[in-house]
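Chains as they are written, first to last, in our numbering: chain R, 12 to 182; chain C, 12 to 182.
Positions of the beta carbon are idealized from the N, C-alpha and C atoms, including for glycine.
As the structure is a prediction and not an experimental result, all values here were calculated from the model.
Below is one structure; the comments refer to it alone.
Here you go:
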């Protein structure tokens with residue numbers, strides 16, 4: 012059976028091949044995954060041609076000041092929300108000057124859950140020249156497994172978006 | 012035997028305990044490790060109290076435009092160099108507004124090596140209120156193992172620096 016690392020690297024490899032085919036660059040904004048998505052992408056040799064980097068926006072101050080998520084969104088919806096995930100993806104896309112931004116924000120646990128946002132809640136988003144997509148999940152695993160599932164989910168979302176928009180005009 | 016993930020998480024835990032004892036905040040600037048240092052730190056529950064986030068500065072444009080590494084340093088010394096590692100640590104410290112910045116820049120391989128900077132060359136740096144420290148290594152493993160060794164080395168450097176300066180005045 013493949014390890015988490017192998018599964019993540021394989022998902023990253025598929026995404027990078029699709030980006031390469033369309034000559035698109037990618038940046039990531041990671042909160043609860045803390046760098047795991049970037050780690051997976053950079054496990055692939057040659058990833059530097061399309062993966063430019065990202066922002067690990069763990070503290071809300073970093074989401075606001077470095078990724079430029081509007082403070083009003085953080086106050087109105089909380090850091091773990093669909094609008095903030097989309098704003099993080101848009102923000103990293105703009106700050107890094109890349110074609111595609113992706114974002115993950117969630118509660119990996121074991122602490123930090125609330126009644127309406129339990130531990131394991133994660134919002135993910137992808138913003139590209141074709142538009143935006145977002146989804147959310149509630150995982151029921153431990154901290155590390157929740158991080159791995161979140162990273163796999165955002166890579167899968169990006170893969171689906173790249174395939175769905177294959178016929179789009181590239182920027 | 013501990014897995015790489017367990018060894019990295021244990022190293023992160025020691026660093027976070029030392030940061031907590033001195034009420035210091037941390038940010039990371041990662042090139043060749045691609046997010047692995049941030050991933051290790053955020054494997055530790057409660058890390059958000061001291062780890063604010065970081066910048067995955069994979070492309071040189073991100074080193075220059077987001078981490079604010081002076082272009083002259085990149086041209087004079089190359090991205091994989093002691094001055095650039097120190098500038099990355101200083102840059103992320105300033106951009107994130109944290110007490111301590113750490114940085115990793117290297118060539119994970121298998122491509123990208125040159126005669127004077129072979130595959131496996133990595134420069135790491137830590138900048139804190141007490142000053143700066145840097146070192147370099149030349150690993151001889153594969154891409155993923157070179158990333159793991161680099162992440163462990165920068166966490167070890169930070170641990171040593173935090174212990175060495177224990178008697179320093181905190182900011």
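- Here residue 102 (chain R) carries a helix assignment [DSSP, helix/strand/coil].
- Residue 174 (chain C) sits exposed, since fewer than 16 C-beta atoms from the chains shown fall within 10 Å of its C-beta.
- At a C-beta separation below 7 Å, residue 68 (chain C) has these neighbours in chain R: 64.
- Contact annotation: the segment 72-86 of chain R does not touch the segment 81-95 of chain C, with fewer than three C-beta pairs closer than 8 Å.
- Contacts with chain C at 7 Å (Cβ-Cβ) do not include residue 157 (chain R).
- Using a Cβ distance threshold of 7 Å, residue 103 (chain C) and residue 135 (chain C) do not count as a contacting pair.
- As the crow flies, the alpha-carbon of residue 33 (chain C) is around 17 Å from that of residue 113 (chain C).
- Nearest in C-alpha terms to residue 60 (chain C), of all of R:140, R:52, R:69, R:57, is R:69.
- The beta-bridge partner set that DSSP reports for residue 67 (chain C) consists of R:65, C:41.
- By the neighbour-count criterion, in which 16 or more other beta carbons inside 10 Å mark a residue as buried, residue 125 (chain C) falls on the exposed side.
- Residues 15 of the same chain have their beta carbon placed closer than 6 Å to that of residue 159 (chain R), with the five preceding and five following residues left out of the count.
- Between residue 73 (chain R) and residue 145 (chain C), the alpha-carbon positions lie close to 25 Å from each other.
- The CB of residue 121 (chain C) comes closer than 8 Å to the CB of 56 in chain R, given here in chain order.
- With respect to chain C, the C-beta atom of residue 59 (chain R) has a partner C-beta closer than 7 Å.
- For residue 148 (chain C), the secondary structure class from DSSP, reduced to helix, strand or coil, is strand.
- Sorting C:46, C:110, C:40 by C-alpha distance to the C-alpha of residue 155 (chain C) places C:46 at the top.
- Residue 168 (chain C) and residue 29 (chain C) have their C-alpha atoms roughly 13 Å apart.
- The beta carbon of residue 166 (chain C) sits no closer than 7 Å to any beta carbon of chain R.
- Leaving aside the five residues that flank residue 109 (chain R) on each side, the residues in its chain whose CB is nearer than 7 Å to its CB run, in chain order, 36, 37, 38, 63.
- Using a CB distance cut-off of 7 Å, residue 73 (chain C) counts as an interface residue toward chain R.
- Residue 153 (chain R) and residue 43 (chain R) have their C-alpha atoms spaced approximately 13 Å apart.
- The C-alpha of residue 128 (chain C) lies about 30 Å from the C-alpha of residue 21 (chain C).
- The Cβ of residue 89 (chain R) sits no closer than 7 Å to any Cβ of chain C.
- The continuous alpha helix (DSSP H) containing residue 26 (chain R) extends over residues 15-33.
- Proximity of residue 53 (chain R) to chain C, defined by a Cβ-Cβ separation below 7 Å, is satisfied.
- Around residue 154 (chain C), the beta-carbon contacts reaching into chain R at under 8 Å are 54, 56.
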